[in-house]
Amino acid sequence: MPCPDQPFVLVCPTFADGEGRGAVPKQVIRFLNDPGRRALLRGVIGAGNRNFGMTFALAARVIAEKCRIPILYRFELAGTPTDLQRVRDGLDEFWGMTCLTP
Ligand SMILES: Cc1cc2nc3c(=O)[nH]c(=O)nc-3n(C[C@H](O)[C@H](O)[C@H](O)COP(=O)(O)O)c2cc1C
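If you want it as C-alpha cells, here you go:
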C-alpha cells in the first residue's frame with residue numbers, strides 16, 4: 151500500500167459492471183479509506199473507455215464527489231501521447247497554483 155507523505159493526484163481506472171456498480175477498484179477504496187491519505191488527495195485523473203458510455207471514467211467522478219476534490223483530466227485506455235503531454239503540463243500548472251499545506 152503506497153503511503154504518500156505529501157499532496158498527490160490519484161490516477162484511477164474504472165472497472166464497473168453494466169450499471170456503474172463497483173466503478174472504483176477495491177484496492178483504491180482501501181487506499182482512500184485512510185483519512186490521512188485522503189487528506190493529502192488534491193485531485194483525480196480518470197482512465198476509462200468511451201465504449202462504456204455513461205460510465206466513462208465513472209470512478210473519477212465518484213472519488214471527486216466523495217473526497218470533494220476536482221477531476222483534473224480523463225483519458226481512454228493508456229492515453230495518447232497528447233494525453234500524456236496534457237497531463238504533464240496540467241500537473242505542472244496545477245502544482246504551481248495549489249497550496250501544498252493542508
Ligand atoms: C470489466 C471491465 C469493466 C470496465 N468498466 C468500465 C466502465 O464502466 N467505464 C469505463 O470508462 N471504462 C471501463 N473499463 C475500461 C477500463 O477502465 C480501461 O480499460 C482502463 O482504464 C485502462 O486500463 P487497462 O489499460 O489496464 O485496460 C472496464 C474494463 C473492464 C475490463
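Residue 227 in the numbering used here sits at position 77 of the sequence shown, with consecutive numbering throughout. Think of the CB as a built atom: it goes at the ideal place given N, C-alpha and C, for glycine as much as any other residue.
Looking from the CA of residue 196, the closest CA among 184, 169, 151 and 174 belongs to 174. Ranked by Cα distance from residue 153, the options 180, 224 and 170 are led by 180. In the three-state reduction of the DSSP assignment, residue 179 falls in the helix class. Beta-bridge partners of residue 163 (DSSP): 197.
Taking C-beta atoms under 8 Å as the contact rule, residue 224 and residue 210 qualify, at a distance of about 6 Å. Leaving aside the five residues that flank residue 226 on each side, the residues in its chain whose CB is nearer than 7 Å to its CB run, in chain order, 198, 199 and 200.
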